[in-house]
Amino acid sequence: MPNDYKAVQRQTAQYDLFNRLHSISSDSEFVRATAEAYDHRFEVIPNQRCGTWYCDPSSSSAVYAYFKSTDGHTGNWGFNMRRSNLPFAEMAETKGGVILVDSTRRGKRMPDALSKTVPIWCAVINRAIARRRRGGKEEEWDGELYTPPNVVSGSERAQIEEKLDGWAEALETSTLPLPDLLRPLRPFWIHPNTTQPPHIPPDPPYTPIICVSASRWVGSEDNVPLVTKLAGRTVGFSYVQGAGDDDELWSKGLTPALFYRNKERLLAVDRDDLGELVEDIVGGLEGLTSNLGGLKVDDVSAVGVPGPSSKLALAIGAPSSSSTWTYPAPIHTLRIITIDKSRKGEPSTYRTSPTSSIFACHSARSHPGAYTHALDDLVEHVEDLLDEECSIILRPGTSEQLDQALKLEEGETVELEDISLSPEDAIEGRRTILPLALVLLLSIPDLAGHLAERNGLVDKGVIADMLHQLVALWPDGNPPRAALRRVNEYLMSKRE
Numbered sequence: 001m002p003n004d005y006k007a008v009q010r011q012t013a014q015y016d017l018f019n020r021l022h023s024i025s026s027d028s029e030f031v032r033a034t035a036e037a038y039d040h041r042f043e044v045i046p047n048q049r050c051g052t053w054y055c056d057p058s059s060s061s062a063v064y065a066y067f068k069s070t071d072g073h074t075g076n077w078g079f080n081m082r083r084s085n086l087p088f089a090e091m092a093e094t095k096g097g098v099i100l101v102d103s104t105r106r107g108k109r110m111p112d113a114l115s116k117t118v119p120i121w122c123a124v125i126n127r128a129i130a131r132r133r134r135g136g137k138e139e140e141w142d143g144e145l146y147t148p149p150n151v152v153s154g155s156e157r158a159q160i161e162e163k164l165d166g167w168a169e170a171l172e173t174s175t176l177p178l179p180d181l182l183r184p185l186r187p188f189w190i191h192p193n194t195t196q197p198p199h200i201p202p203d204p205p206y207t208p209i210i211c212v213s214a215s216r217w218v219g220s221e222d223n224v225p226l227v228t229k230l231a232g233r234t235v236g237f238s239y240v241q242g243a244g245d246d247d248e249l250w251s252k253g254l255t256p257a258l259f260y261r262n263k264e265r266l267l268a269v270d271r272d273d274l275g276e277l278v279e280d281i282v283g284g285l286e287g288l289t290s291n292l293g294g295l296k297v298d299d300v301s302a303v304g305v306p307g308p309s310s311k312l313a314l315a316i317g318a319p320s321s322s323s324t325w326t327y328p329a330p331i332h333t334l335r336i337i338t339i340d341k342s343r344k345g346e347p348s349t350y351r352t353s354p355t356s357s358i359f360a361c362h363s364a365r366s367h368p369g370a371y372t373h374a375l376d377d378l379v380e381h382v383e384d385l386l387d388e389e390c391s392i393i394l395r396p397g398t399s400e401q402l403d404q405a406l407k408l409e410e411g412e413t414v415e416l417e418d419i420s421l422s423p424e425d426a427i428e429g430r431r432t433i434l435p436l437a438l439v440l441l442l443s444i445p446d447l448a449g450h451l452a453e454r455n456g457l458v459d460k461g462v463i464a465d466m467l468h469q470l471v472a473l474w475p476d477g478n479p480p481r482a483a484l485r486r487v488n489e490y491l492m493s494k495r496e
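Under full-length UniProt numbering, the residue at position 118 of the sequence shown is numbered 118, and the numbers go up by one with no gaps.
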């Protein structure tokens with residue numbers, strides 16, 4: 001019984017909001033100190049989503065990376081085309097290198113995303129570039145696999161290395177825009193027990209990707225913090241490794257942006273009063289309009305897909321690289337709303353005004369037949385809009401907006417008011433809209449402007465290539481398998 005009680009206590013402490021915020025604050029100081037150790041030469045970039053908690057927006061980039069630990073798990077290594085992070089490689093070179101921040105809550109030194117996924121990514125891109133330049137008068141180009149010592153074993157490193165050339169060939173022969181880097185990418189690693197940060201010369205022959213694992217390793221020799229020092233007093237807490245992870249379980253709606261904007265208040269308040277303060281912050285005007293990673297739907301720049309000259313654009317949050325849209329007027333906004341209940345016989349599209357409409361979309365998993373049928377309605381609706389010489393923006397909508405549309409009498413219109421979406425809802429919006437954009441671009445070639453495929457042939461390779469281009473812009477918008485399955489079936493059934 002005593003052991004069970006202690007286990008419950010440990011579990012409670014792990015998800016305690018007070019412990020999490022003080023742990024994050026301590027770890028963010030380590031990230032700040034790392035940037036200072038390099039005299040702020042390198043931009044600080046969070047690895048979504050955990051890494052965002054350790055990066056103060058006032059001293060870090062609004063750009064993010066999306067490297068997943070699952071791509072580096074032992075026996076499951078891979079270069080994921082849907083998470084290619086190619087724009088991030090170009091940005092890193094432009095900046096002269098970056099500091100990439102992440103953490104892990106497991107009993108280990110650093111997450112697999114930093115110890116293996118990033119090294120694989122660097123080596124594969126370097127080798128793909130070398131393949132493309134083969135035969136040219138290139139100087140020696142570094143395609144080596146670098147892994148952190150004492151974290152990745154020699155045996156595992158050798159197994160990964162055997163697969164690198166195959167992944168590099170797949171990347172080089174894909175339609176993904178392989179960056180023409182001037183210098184190879186090279187990873188380095190720093191953690192709280194690092195005695196001396198890696199030396200990066202002023203003008204290195206590589207682009208450094210400095211991987212920072214922000215959290216202390218509980219149970220190791222790391223000096224685990226137990227207090228937060230405030231003006232005139234100290235506050236004790238139980239340290240949580242990887243406190244920024246699983247924020248949907250403990251954050252109570254607080255986001256990294258709100259945390260850093262209210263950091264002094266949040267850290268100074270007593271444990272018993274913290275929950276009430278968080279509710280006030282999240283529920284106030286500030287919380288409604290300024291979520292980092294969230295999406296203020298009426299204030300988002302549209303991004304042309306697959307390129308700036310396309311007649312289709314997505315307003316689903318900032319892409320992983322700067323992108324533009326050169327659009328011809330008029331513009332029609334098509335809001336995408338996922339519905340839970342089947343509505344047999346009801347249309348999928350609703351015109352709410354001359355410049356806006358709504359597409360009500362079933363879940364591909366729970367209503368696969370209705371989802372596929374709705375794709376036909378979507379394509380037909382967009383073709384009609386093109387006949388009106390409109391350019392189209394897809395963006396997330398809300399159930400309240402659908403309710404407004406359903407109440408309209410024939411001939412009536414309504415101006416829809418957009419609201420802010422939470423970070424989780426924003427990501428879900430991207431996951432919903434990207435497969436729909438995929439269907440539209442491959443069903444209506446004229447949408448893509450001069451980038452359109454003219455031979456009419458759509459096969460699995462073409463579908464995969466277009467998907468990779470879209471997900472490269474929004475890596476956290478990787479669509480669900482059920483939606484991709486239906487989209488593939490739909491597009492393949494329409495082949496000429």
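Glycine is no exception: its CB is placed at the ideal position from the N, C-alpha and C atoms.
Contact belief for residue i with residue j at Cβ below 8 Å, rounded distance in angstroms
i, j, result
"L394", "S357", "Incorrect: roughly 11 Å between the Cβ atoms, too far for contact."
"A92", "V98", "5 Å"
"I337", "L402", "5 Å"
"L467", "R82", "7 Å"
"V31", "Y54", "5 Å"
"W474", "P256", "Between P256 and W474 the Cβ distance is about 19 Å, and since that is not below 8 Å, they are no contact."
"Y371", "R486", "5 Å"
"S213", "H199", "Not quite, the Cβ-Cβ distance comes to about 19 Å (not below 8 Å), so this is no contact."
"S215", "T104", "7 Å"
"V439", "L378", "7 Å"
Closest residue to residue i among the options (Cα-Cα distance)
i, options, result
"K252", "S301, P423 and R41", "P423"
"C50", "R127, L100, A35 and I210", "L100"
"T413", "T352, T398 and L226", "T352"
"residue 546", "L164, L266, H362 and H73", "What the structure shows of the chain is the stretch from 1 to 496, and residue 546 is not part of that stretch, so it cannot be assessed."
"I125", "T34, R106, P187 and S153", "P187"
"T228", "S493, R365 and L267", "L267"
"H381", "A313, H332 and S61", "H332"
"T195", "L226, A33, A62 and D387", "A33"
"G219", "T94, R106 and D246", "R106"
"L226", "H362, S26 and G166", "S26"
"E172", "C211, N150, V269 and A123", "A123"
Whole-angstrom distance between residue j and residue i, CA atom to CA atom
i, j, result
"D71", "Q48", "14 Å"
"I129", "L182", "10 Å"
"E161", "L145", "7 Å"
"P201", "R481", "45 Å"
"V462", "Q241", "43 Å"
"D418", "G397", "8 Å"
"S174", "S84", "11 Å"
"E169", "L178", "12 Å"
"A464", "N193", "42 Å"
"residue 508", "S115", "In the structure displayed, the chain extends from 1 to 496; residue 508 sits before or after that span and is not available."
"W325", "D272", "49 Å"
"P308", "L447", "11 Å"
"L285", "E279", "At L285, the pLDDT of 48 sits below 50, so the modelled position is not reliable and the matter cannot be decided from this model."
"E489", "T355", "31 Å"
"L176", "G143", "19 Å"
"I444", "V282", "42 Å"
"W217", "A243", "12 Å"
"L451", "S153", "Reliability fails at L451, whose pLDDT of 49 lies under 50, so the model's placement of it is uncertain and the value that follows must be treated cautiously. If I take the Cα positions, the gap works out to 45 Å."
"A329", "P368", "35 Å"
"C359", "P347", "What sits at residue 359 in the sequence shown is Phe, not Cys. Cα-Cα distance, rounded: 9 Å."
"K460", "M492", "8 Å"
"F18", "N223", "20 Å"
"W250", "R365", "28 Å"
"L385", "V458", "23 Å"
Those residues which DSSP pairs with residue i across a bridge
i, result
"L436", "Its beta-bridge partners do not exist; DSSP assigns none."
"H362", "I339"
"H332", "I392"
"V212", "V101 and I190"
"Y15", "Per DSSP, none; premise fails for Y15."
"E43", "V98"
"E350", "Just to set this straight, residue 350 is Tyr in the shown sequence, not Glu. Per DSSP, I358."
"R233", "L230"
"V303", "L314"
"L185", "T207"
| Would you call the segment 57-74 and the segment 197-206 touching, i.e. three or more CB-CB distances under 8 Å? | Counting Cβ pairs under 8 Å, fewer than three are found: no touch.
| query | Would you call the segment 423-435 and the segment 37-47 touching, i.e. three or more CB-CB distances under 8 Å? | reply | Touching, no.
| said: Check whether the segment 73-86 and the segment 102-110 are in contact - that is, three or more C-beta pairs closer than 8 Å. | reply: With a cut-off of 8 Å, the segment 102-110 and the segment 73-86 do not count as touching, because too few Cβ pairs lie within range.
| message | Does the contact criterion of 3 or more C-beta pairs under 8 Å hold for the segment 16-24 versus the segment 228-247? | response | At 8 Å Cβ cutoff, the stretches touch.
| said: Using 8 Å as the cut-off, can you tell me whether the segment 378-395 makes contact with the segment 302-315, which would need three or more C-beta pairs spanning the two stretches below that distance? | reply: Yes, they touch.
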